[in-house]
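There are 2 protein chains.
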Amino acid sequence: MPTVDDVAQAAGVSRQTVSNVLNSPEIVREATRQRVLEAISSLGYRPHASARRLRTRKSATIGVRIDPWRDGISGAVLDRFLHKLTEHADARGLRVMVFSAADPDDELARIRRLREGSDVDAFVLTATTHGDERIRALTEQGVPFVAFGRPWDPETSAVRHRWVDVDGRAGVAGAVRHLREQGARRVGWIGWPHGSGTGDERRAGWEAACGVDADARAALARHVEDGVTEGSRAAAELLALPEPPDAIVCASDSLALGAMIAARTAGRPALPVVGFDDTPVAAAVGLSSIEQPLDDVVAAALDLLFGPAGDDVRPNPSSDEEPTDRLLAPRLVERRPGHLALDAIPGT
Amino acid sequence: MPTVDDVAQAAGVSRQTVSNVLNSPEIVREATRQRVLEAISSLGYRPHASARRLRTRKSATIGVRIDPWRDGISGAVLDRFLHKLTEHADARGLRVMVFSAADPDDELARIRRLREGSDVDAFVLTATTHGDERIRALTEQGVPFVAFGRPWDPETSAVRHRWVDVDGRAGVAGAVRHLREQGARRVGWIGWPHGSGTGDERRAGWEAACGVDADARAALARHVEDGVTEGSRAAAELLALPEPPDAIVCASDSLALGAMIAARTAGRPALPVVGFDDTPVAAAVGLSSIEQPLDDVVAAALDLLFGPAGDDVRPNPSSDEEPTDRLLAPRLVERRPGHLALDAIPGT
DNA sequence: CTGAAAGCGCTAACAG
DNA sequence: CTGTTAGCGCTTTCAG
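Chains as they are written, first to last, in UniProt numbering: chain E, 1 to 348; chain D, 1 to 348.
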């Protein structure tokens with residue numbers, strides 16, 4: 001495997017010039033540069049990443065914790081996020097290292113280890129929670145990071161840090177408004193129990209846009225654990241109401257799938273149902289869903305960490321100079337329900 | 001950040017002794033070892049990974065290509081594989097680096113780059129195909145790797161390499177046999193078009209175990225592209241037969257979900273349907289499914305690469321010494337269909 | 001703009 | 001068993 005010295009010799013320059021061609025091309029005379037570049041490609045030279053890292057103390061690598069696979073359909077979002085992250089990172093010449101951890105403490109320990117070896121420059125935190133310990137800890141330790149998920153409590157908000165999130169409230173409100181424009185008068189809601197930041201935000205979007213009074217809202221909303229069965233049961237309840245909803249928006253695709261099945265079972269296969277996250281299942285069964293703009297999320301996260309271009313990690317934000325967060329709007333993906341099995345049966 | 005020198009000084013030994021304590025503890029006297037260990041933890045010393053890599057020319061890191069997210073439910077298997085891989089790797093002190101690539105050529109180029117920088121010691125190839133170019137290329141280049149997926153053609157089989165796969169044929173045959181023990185007399189099959197190794201294997205399992213003659217087999221089998229809609233349509237056809245199947249086994253959960261919906265629509269909600277891969281969707285809707293033993297797959301892959309313990313990559317196999325592949329049996333996860341929406345509707 | 005010198009932190013050889 | 005001596009390949013001073 002050739003080294004800088006080999007290249008230098010082949011090009012008839014000093015070792016340093018080669019390094020300059022690679023790292024600060026603008027200060028090298030064009031002719032020399034060409035000669036060096038030629039030598040590089042004819043020798044098939046590749047800089048040795050570890051040597052460079054040892055010297056520069058950076059790795060151009062970002063770390064992401066990869067969660068244990070949770071049951072439920074919604075978990076897929078983080079996987080898609082990881083895919084996107086990898087693609088964008090590759091495009092910027094960054095590498096992505098994944099690791100697993102049993103709990104937040106374990107995650108912090110692993111992060112420390114990865115960083116001390118200069119294995120990883122910066123981290124992406126996913127799934128922020130109420131009272132997330134990670135944010136304060138990493139900020140105190142000076143570990144550069146960006147969170148996918150806004151701060152959900154005042155203490156965490158007070159810690160100035162970088163984050164990107166998707167505006168679930170706006171997404172749901174938009175979907176509800178759209179349904180009403182299509183003629184829906186009573187849009188139901190199936191969401192999660194109160195207390196999860198994400199869930200409460202999404203529900204707030206429904207509340208703001210559904211256009212019915214508090215009593216009707218109480219009747220038209222259900223809050224259950226995430227799951228197809230739960231969504232099915234909740235939807236069945238709503239549909240059995242004296243004044244049933246004429247459309248249902250759900251906090252997740254799992255709930256929405258359940259609602260869709262319940263609607264069919266109740267003889268209302270055309271009931272508009274909207275899910276959240278636009279998972280593959282939604283696409284597969286023809287369910288409308290609110291899609292998180294993961295491409296934009298990832299691009300924003302990398303911008304925050306590394307600046308608009310380049311692979312130099314910026315230190316965590318200290319004062320209030322530039323913006324350190326980004327809230328992105330999701331998009332409704334519309335599909336026609338019922339295009340599926342019913343039509344597919346010959347003779348129906 | 002402390003270095004070996006700091007530790008050596010604190011412990012009153014030479015720099016080398018510290019290194020020995022870390023890398024060959026058995027050659028250091030117990031008392032000295034203790035003293036060094038104490039210094040290490042009191043200083044919070046961590047070896048610098050890049051320096052070590054530069055010196056030893058290995059990284060204790062494995063690389064995995066992460067595919068662009070495909071639509072369809074089945075893609076989830078590779079994600080779960082990645083999760084498992086990360087967990088097992090962490091347990092062995094290995095790191096996992098993910099990267100994306102546009103196509104197999106691009107993948108090879110990226111692999112070369114990652115390896116030349118000593119960024120990655122070995123690779124895990126997923127989703128092997130007919131005429132997979134990667135296997136020959138990596139073998140020729142001497143890049144250590146293990147494939148998740150057996151060789152599907154004679155040329156690739158002739159290239160001695162390490163691989164792990166799941167015996168889809170045995171899995172399907174087992175499921176069919178089980179259904180027959182439960183009383184099914186005509187077990188149908190919905191699979192993929194001929195030509196995909198995986199699909200053909202699974203179909204062969206059905207063929208071997210279904211216990212009907214060739215004519216009946218022809219009637220009871222459908223081969224369609226993967227997808228819920230396709231599965232639904234195929235199942236509807238089978239159920240409309242003069243002698244319909246009394247159970248259906250499918251090559252994927254997507255197909256099975258479609259079949260399940262079709263069965264309900266056709267008024268046969270209790271028809272046993274079995275999918276493949278045991279994806280979250282199957283669990284969500286209560287679909288039986290054949291589960292790939294990913295834990296075992298990953299453990300076997302790492303064993304093949306690194307030996308039963310340790311983090312030293314073995315070179316690719318040359319002669320026929322040890323076994324270099326492993327075929328694992330999947331497991332049927334049984335669920336009761338129909339526990340879902342129908343029962344959940346109040347008043348039914 | 002180009003060249004020479006120094007050293008990042010670590011471990012593989014050797015000599016004691 | 002312990003200490004000394006050399007680099008791994010690269011970049012960052014600092015003179016020419």
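Positions of the beta carbon are idealized from the N, C-alpha and C atoms, including for glycine.
Within-8 Å CB hit, residue 335 of chain E to chain D: Not closer than 8 Å to any Cβ of chain D, the Cβ of residue 335 of chain E fails to qualify, so no.
Can you find the residues in the same chain that come closer than 8 Å, C-beta to C-beta, to residue 152 of chain D, ignoring five residues on each side of it along the sequence? 128, 129, 130, 131, 132 and 197
What separation, rounded to the nearest whole angstrom, lies between the Cα atoms of residue 4 of chain E and residue 23 of chain E? 13 Å
Along chain D, which residues have their Cβ under 8 Å away from the Cβ of residue 86 of chain E? Simply 66, 98, 99 and 100.
Just to confirm before moving on: does the CB-CB distance between residue 298 of chain E and residue 328 of chain E stay below 8 Å? Their beta carbons are not under 8 Å apart, which means residue 298 of chain E does not touch residue 328 of chain E by this criterion.
Mind checking if residue 39 of chain D is an interface residue toward chain E, Cβ cutoff 8 Å exclusive? no
Is the beta carbon of residue 261 of chain E within less than 7 Å of some heavy atom of the ligand FAD? Because no ligand of any kind appears in the structure shown, any question about the ligand FAD cannot be addressed here.
Out of curiosity, what's the CA-to-CA distance linking residue 28 of chain D and residue 51 of chain D? 23 Å
For the segment 228-257 of chain D, enumerate the residues whose C-beta is nearer than 8 Å to any C-beta of chain E, in chain order. 228, 229, 232, 233, 236, 237, 240, 254 and 257
So is residue 285 of chain D in contact with chain E if we call contact Cβ pairs under 8 Å? Taking Cβ atoms only, chain E reaches closer than 8 Å to residue 285 of chain D, which makes this a yes.
Residue-chain proximity (residue 116 of chain D, chain E), Cβ-Cβ < 8 Å: yes
So is residue 72 of chain E buried or exposed if we call it buried at 16+ other beta carbons inside 10 Å? With a pLDDT of only 49 at residue 72 of chain E, under 50, the local geometry of the prediction cannot be trusted, and the value read off the model is given with reservation. Counting Cβ neighbours within 10 Å, residue 72 of chain E comes out buried, since at least 16 surround it.
Does the segment 32-39 of chain D come close enough to the segment 274-290 of chain D to have 3 or more Cβ pairs within less than 8 Å? No, because fewer than three Cβ pairs between the segment 32-39 of chain D and the segment 274-290 of chain D fall closer than 8 Å, the two stretches do not touch.
Looking at chain D, is there any beta carbon in it that lies within less than 8 Å of the beta carbon of residue 82 of chain E? yes
Between residue 180 of chain D and chain E, is any beta-carbon pair separated by less than 8 Å? no
Residue 247 of chain D, enclosing beta strand (DSSP E) - first and last residue: 247-250
Touching by the beta-carbon criterion (3+ pairs, under 8 Å), the segment 211-223 of chain E and the segment 167-186 of chain E: They touch, by the three-pair rule.
Buried versus exposed, by CB contacts within 10 Å (16 or more), residue 315 of chain D: It counts as exposed.
Sequence-distant residues of the same chain with beta carbon closer than 8 Å to residue 335 of chain E, five excluded per side: 282, 283, 286, 287, 288 and 289
Taking DSSP as the reference, what is the three-state secondary structure of residue 163 of chain E? strand
Residues that residue 97 of chain E bridges to, as DSSP identifies them: E/63 and D/97
Please say whether residue 222 of chain E and residue 118 of chain E have beta carbons closer to each other than 8 Å? Not in contact: residue 118 of chain E and residue 222 of chain E (Cβ atoms no closer than 8 Å).
Taking residue 335 of chain D as part of the alpha helix (DSSP H), name the residues at either end of that continuous run. That residue, residue 335 of chain D, is in no alpha helix (DSSP H); it is neither H nor E in DSSP.
According to the neighbour-count rule (16 or more other Cβ atoms, all chains shown, within 10 Å of its Cβ), is residue 263 of chain E buried or exposed? Under the 10 Å beta carbon count, residue 263 of chain E is surrounded by 16 or more other beta carbons and is classified as buried.
Runs of 3 residues minimum, wholly inside the segment 190-270 of chain E: which ones carry the beta strand (DSSP E) assignment? 221-223 and 247-250
Three-pair Cβ contact test at 8 Å for the segment 95-112 of chain E versus the segment 38-46 of chain E: no
N-terminal and C-terminal residue of the beta strand (DSSP E) that residue 288 of chain E is part of: 288-291
Residue 115 of chain E - containing beta strand (DSSP E), residue span: Looking at the DSSP string, residue 115 of chain E is not in any beta strand (DSSP E); the run it does join, the alpha helix (DSSP H), is 104-116.
Compare the C-beta of residue 350 of chain D with all C-beta atoms of chain E and state if any pair is closer than 8 Å. It is not possible to answer for residue 350 of chain D, since the shown part of chain D is limited to 1 through 348.
Residue 76 of chain E: contacting residues in chain D (beta-carbon distance under 8 Å): 76, 79 and 280
Looking at chain E, is there any beta carbon in it that lies within less than 8 Å of the beta carbon of residue 72 of chain D? The predicted position of residue 72 of chain D is uncertain, since its pLDDT is 49 and thus under 50; a value taken from the coordinates is nonetheless stated next. For residue 72 of chain D, a Cβ of chain E is located within less than 8 Å of the residue's own Cβ.
8 Å is my cut-off, CB to CB: does residue 329 of chain E come that close to chain D? no
List, in order along the chain, the chain D residues whose C-beta lies closer than 8 Å to that of residue 6 of chain E? Per Cβ cutoff of 8 Å: no residues; residue 6 of chain E is ~14 Å from chain D at best.
DSSP puts residue 326 of chain D in a beta bridge; with which residues? D/164
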